[in-house]
Structures are given as C-alpha cells and as structure tokens.
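Q:
In the working numbering, the protein residues as written are 5 to 308.
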C-alpha cells in the first residue's frame, strides 16, 4: 500500500507526519531543527541532487550536489527592474519556485512585492510575467513589476496553465504567465495566501479566503476551503469537518499541498498549529494534529 509523508514547517521547527494510503491514522515525529523557522526548498523532478532555494532579499540559489554547496542564479537580481522591487508586509521574499517538468530550462518564481517571473534558459535571464495583474496600492496599476503575488500553483500535467493567489484576486494564465485574467468569481473575499491544484484534475483548484489584508483570519470566523472544478469563477465552500464558529486562524502561502494518490488528498496547516487532511479531494476534512506551533509550510510526498 502507498505511504504518505507530510513535511510541516513551523515557527519552532519541522514535523513529519506519516500514514498509509487510507490517510486515517497518523504518526507524528518532531520537532526536528527545534527552534528554527522552517520554510521549504524545491527539488528538481528530474535530478535528485538538484535543489533550489528562495531567500530574502529576493534571490534564488541552486545546489547540484544535494545541498552541500550553493550558487546564486544572479540573473534574477540582475534583472533591470531589480532596483524598483519593494518588500511586502512579510518582507521581500522569494517564496514560490515552480519547475516545468516538460522543459528543464523553464522555471517560475514569485516575489512579494515584485511579482512573478519566468526563465526559459535555466535561470540565466528572467522575464516579468505580470500582464493583466491589477494592484490598487501602486501608482500604476498596470505596472510591469510591483505586484504582491502570494502564491502560484501548477498541475505538472499541464505546465502552461498557472493559477495565482494575489494580495487581492485569484488569477489564471493559460499561456505560461504571459497574460493573466481574474477568476475570483463568487468567492466571499478574494484576499488569501494559499492556492493549489488537484493532482489529477487540472481544472480543480483550492483556495482559503481570508477576511482582508488588515485582518488575517478566515472570513466570518469559519474555516472554509473553496474549490472550483471549472478552473475558477465558480466556487463551492468545503466545510465538512472544519470549524464553522469562532475560528480566527490564517493559512499562509506555503501551507497547502496535495498528494498524488488515486483519490487526491488535500492538506493545509494553520497559524493556530492545526494540520488538516482531506482524503477525498476536499469533500470532508479531519485534523491530523491540532497543537503545533504556527504552520508556515506543508509539503507532501507520496511514497509507493
């Protein structure tokens, strides 16, 4: 039977959660690296020794020897727009790294609050991909850079289609980021941090709406994941097993993930230290753990 391993990064260390393919009973170990704030690294899908890391102030590094040595990809910070980048409320962090499994030379990154960028030559040069984004807090709403992108997600089976949770607005691109359109639709609020895509259904996406950019907790005190089966615009609230009263947690940008089992599992962690799992693609939820330190990131490995 398949095995699932969930790597949870928190403000006080990392925890490892493991279960079989039923995802009903979980073993918890940790904290590892106790006391450290733990974000995540991005491994190459084609080379187990290649790892990428995003850091403040908005730089990307690569290791080709399993993390023993690191070199910056200087083309990003050397981009002509670099001097105009400004930090968001959480700092000027390079938080999203997406590798195109069909093209090893293509990679996407996102920076708060500079925007999204793409390289098509393995990181030597970078192109801003922010056309169609609108940001009311910058003088030029159509500016090439300056947009506060919170997270980007992609289904590996369809690498040209990207989904974005921006400071405000849920966005979609069907041309590898060259153009974006809003797909917030009927969400109760389109401010949020996390976004992810179903492992087997490229048009099924998940977000967690947060009340506002000044009140970082779920809307109406109800913890609800919203799912769209149509690639955006039409959304349904997923609430079974989640607290629907007096809940005031946040779900941060890297704190949602999916597994690749036949019935796709969805996972997310909260600022209150809870980690939830849905073994049925979001229809119902169960807590794996409840009392961790604030969760910063959730990564899932499906072990066959």
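Ideal Cβ positions, reconstructed from N, Cα and C, are used throughout, including at glycine.
Determine contact between the region 144-151 and the region 95-107, defined as no fewer than three beta-carbon pairs at a distance below 8 Å.
A: The region 144-151 vs the region 95-107: no contact.
Q: Does the region 216-223 come into contact with the region 231-244, if we say contact requires no fewer than three beta-carbon pairs (one atom in each stretch) closer than 8 Å?
A: Flag = no, the region 216-223 and the region 231-244 do not touch.
Q: Tell me, please, whether the region 82-100 touches the region 117-134 by the rule of three or more beta-carbon pairs shorter than 8 Å.
A: A contact exists between the region 82-100 and the region 117-134.
Q: Counting only runs that start and end within the region 74-114, where is the beta strand (DSSP E) found for 3 or more residues in a row?
A: Within the region 74-114, the complete beta strand (DSSP E) runs of at least 3 residues are 97-103.
Q: Quick one: give me the first and last residue of the beta strand (DSSP E) that residue 200 is part of.
A: Along the chain shown, one-based indexing puts residue 200 at 196. Where residue 200 is concerned, the enclosing beta strand (DSSP E) stretches over 196-201.
Q: Within the region 111-169, note down every full alpha helix (DSSP H) run reaching 4 residues or more, in order along the chain.
A: Runs found: none.
Q: Counting along the chain, where does the beta strand (DSSP E) carrying residue 31 start and finish?
A: The residue given as residue 31 occupies position 27 in the chain shown. Run containing residue 31: 31-36, per the beta strand (DSSP E) assignment.
Q: When you compare the region 258-272 with the region 195-207, are there three or more beta-carbon pairs, one atom per stretch, that lie closer than 8 Å?
A: In short, these stretches touch, since the Cβ pair count reaches three.
Q: Return the CA-CA distance between residue 159 and residue 136, expressed in angstroms with no decimal places.
A: Taking the chain shown and counting its residues from 1, the one referred to as residue 159 is at position 155. Taking the chain shown and counting its residues from 1, the one referred to as residue 136 is at position 132. Between residue 159 and residue 136, the C-alpha separation is close to 21 Å.
Q: Taking buried to mean at least 16 other C-beta atoms within 10 Å of its own C-beta, is residue 185 buried or exposed?
A: Stepping through the chain shown from its first residue, residue 185 is reached at position 181. So residue 185 ends up on the exposed side.
Q: Is it buried or exposed, residue 140, if we count other Cβ atoms within 10 angstroms and call 16 or more buried?
A: Here residue 140 is taken as the residue at index 136 of the chain shown, counted from 1. Under this definition residue 140 is an exposed residue.
Q: In this structure, how does DSSP classify residue 70 when only helix, strand and coil are distinguished?
A: Along the chain shown, read from residue 1 onward, the residue named residue 70 stands at position 66. Looking at residue 70 - three-state DSSP - the assignment turns out to be coil, as it is neither helix nor strand.
Q: Enumerated in chain order, which unbroken segments of the beta strand (DSSP E) with a length of 3 residues or greater are wholly contained in the region 193-273?
A: Fully enclosed beta strand (DSSP E) runs of 3 or longer: 196-201, 209-213, 229-232, 240-242, 260-262 and 270-273.
Q: What are the boundary residues of the beta strand (DSSP E) that residue 191 is part of?
A: Here residue 191 refers to the residue found at position 187 when the chain shown is read from its first residue. Taken as a continuous stretch (DSSP letters only), residue 191 belongs to no beta strand (DSSP E), as it is neither H nor E.
Q: Can you tell me whether residue 306 is helix, strand or coil according to DSSP?
A: Position 302 of the chain shown, counting from 1, holds the residue named residue 306. Strand, per DSSP.
Q: Give me the Cβ distance between residue 76 and residue 65, rounded to the nearest whole Å; I'm assuming they're in contact under 8 Å.
A: Locating residue 76 in the chain shown gives position 72, counting from the first residue. Locating residue 65 in the chain shown gives position 61, counting from the first residue. Going by Cβ atoms, the distance from residue 76 to residue 65 rounds to 5 Å, so yes, they are a contact pair.
Q: In this structure, does DSSP put residue 172 in helix, strand or coil?
A: Taking the chain shown and counting its residues from 1, one reaches residue 172 at position 168. Residue state, collapsed to three classes: strand.
Q: According to DSSP, which residues form a beta bridge with residue 63?
A: As a first step, residue 63 is located in the chain shown; it is residue number 59 there, counting from the start. Beta-bridge pairing links residue 63 to 59.
Q: For a test of the three-state rule: what should DSSP assign to residue 291, helix, strand or coil?
A: Here the question's residue 291 lines up with position 287 in the chain shown. Residue 291 falls in the strand class under three-state DSSP.
Q: DSSP three-state call for residue 18: helix, strand or coil?
A: Within the chain shown, the letter at position 14 stands for residue 18. Strand at residue 18.
Q: Is DSSP giving residue 296 helix, strand or coil here?
A: Within the chain shown, residue 296 is the residue found at index 292, counting from 1. Three-state result, residue 296: coil.
Q: If you compare alpha carbons, which of 251, 167 and 28 is closest to residue 282?
A: The residue given as residue 282 occupies position 278 in the chain shown. The shortest Cα separation from residue 282 among 251, 167 and 28 belongs to 28.
Q: If contacts are defined as beta-carbon pairs under 8 Å, then residue 34 and residue 13 qualify, I think. What distance do you get, rounded to the angstrom?
A: Here the question's residue 34 lines up with position 30 in the chain shown. Here the question's residue 13 lines up with position 9 in the chain shown. That pair is no contact at about 10 Å.
Q: For the beta strand (DSSP E) holding residue 282, just list the boundary residues, first then last.
A: Taking the first residue of the chain shown as 1, we reach residue 282 at position 278. First-last of the beta strand (DSSP E) with residue 282: 279-282.
Q: Quick check: the Cα distance between residue 61 and residue 98, rounded to an integer number of angstroms?
A: For the purposes of this step, residue 61 is identified with residue 57 of the chain shown, where counting begins at 1. For the purposes of this step, residue 98 is identified with residue 94 of the chain shown, where counting begins at 1. Spanning the two alpha carbons is a distance of roughly 7 Å.
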